[in-house]
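With the first letter of the sequence shown counted as 1, position 112 gets the number 901 in my numbering; the numbers rise by one all the way through. Each residue gets a CB set at the ideal place from its N, CA and C atoms; glycine is no exception. Because the structure is a prediction, the values reported are computed rather than measured. Data block below; observations after.
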Amino acid sequence: MNTLQDKVILVTGASRGIGASIAHNLAAAGAKVIVNYAGSKEAADQTVNEILGKGGEAIAIQADVSNSAAVKTLFDQAIAHYGRVDVLVNNAGIMITKLLKDTTDEDFAKQFDVNVKGTFNTMREAATRLADKGSIINFSTSVNRIMLPGYSTYVATKAAVEQLSRVFSKEVGDRGINVNSISPGPTNTELFTNGKPKEVIDRLASLSAFNRIGEPEDIARVVAFLASDEAKWITAQNIGANGGMA
Ligand code: NDP
790 MNTLQDKVIL VTGASRGIGA SIAHNLAAAG AKVIVNYAGS KEAADQTVNE
840 ILGKGGEAIA IQADVSNSAA VKTLFDQAIA HYGRVDVLVN NAGIMITKLL
890 KDTTDEDFAK QFDVNVKGTF NTMREAATRL ADKGSIINFS TSVNRIMLPG
940 YSTYVATKAA VEQLSRVFSK EVGDRGINVN SISPGPTNTE LFTNGKPKEV
990 IDRLASLSAF NRIGEPEDIA RVVAFLASDE AKWITAQNIG ANGGMA
């Protein structure tokens, strides 16, 4: 039985990369998808149009997840359009890789604003506005499991996301909501490939059991499972989706 049929699913950062793939995959399974984006209106509209073209259901809603007022409006608009939100996928995220000594106050604040405050903002709305028996899937990283120079502030944000997820699961469990985080390994999107020489990508690919980096669809399939009723007994967990790299 397809338990994603007609679920209303809000995917943050779904204009590009992993989020766009998640939106496509969930819509193909019958979900009604809210494609959130920050600045890439054209890409978000394209994601929605492709979904509609295949007979799926989706709308694009702009909101910077680091802005709590914008996140409140995002939920207002989503609920006005579809009547409810069943699943929240907190995929929006940014990564700035620099040695700690070179990381500016702005680099630090920006990553915490989007990755941690963004996740906090949407979960605070979800605490009272996500439907009973809903699901929340937050985004961490498998880089948390290895010590890669240059990733210190990024993994600090993702460690915070994992902890927020664990504790929050105990605060909303009485409404039947499960909360998990997923930790992709290196995945073929702009966030990962931007500025990386081929030899660095190949070295990271060699850490996986399958000698490749992930594709957005690899992650989207795991999100679809976590969003489904089949995963309801899983909560407060971090799921590695990394081809065994860590
Ligand atoms: P991309 O850079 O390809 O896409 C990021 C998405 O997030 C875009 O849709 C972007 O929207 C959106 N976004 C960024 N800032 C905001 C904001 N303030 N408010 C709303 N949306 C925002 O990233 P990936 O697809 O690679 O990453 C998705 C998630 O997976 C992130 O949380 C990332 O940390 C995590 N991850 C990625 C890995 C990888 O190797 N790719 C590995 C491990 C984890 P817009 O286009 O409008 O700016």
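T946 places its beta carbon 7 Å or farther from that of V1012. Taking each of A1016, D896 and W1022 in turn and checking the Cα distance to L799, the smallest one comes out for A1016. Separation of the CB atoms of N880 and I807 is rounded to 6 Å, and the pair is thereby assigned contact status at 8 Å.
Pairing K821 with V797 gives a Cβ-Cβ distance under 7 Å. Per DSSP, L996 lies in no alpha helix (DSSP H) segment and is marked neither H nor E. With a threshold of 6 Å, the Cβ atom of F999 does not count as near the ligand NDP, since no heavy atom of the ligand is closer than that. Inter-segment contact for the stretch 962-982 and the stretch 918-926 is present: three or more beta-carbon pairs are separated by less than 8 Å.
In the three-state scheme derived from DSSP, where H, G and I count as helix and E and B as strand, N969 is classed as strand.
By the Cβ criterion, the stretch 974-992 is not in contact with the stretch 943-961, since fewer than three pairs of Cβ atoms, one from each stretch, lie closer than 8 Å. If you check the CB distance, A816 and G845 come in under 7 Å.
In this structure, Y871 has its CB at a distance of at least 6 Å from all heavy atoms of the ligand NDP. For T976, the beta-bridge partners assigned by DSSP are G1003.
DSSP places D902 within a helical segment (H, G or I) once states are collapsed to three. Between V932 and T893, the alpha-carbon positions lie close to 21 Å from each other.
As for any beta strand (DSSP E) of minimum length 3 sitting wholly inside the stretch 818-896, the runs are 821-826, 846-851 and 874-879, ordered along the chain.
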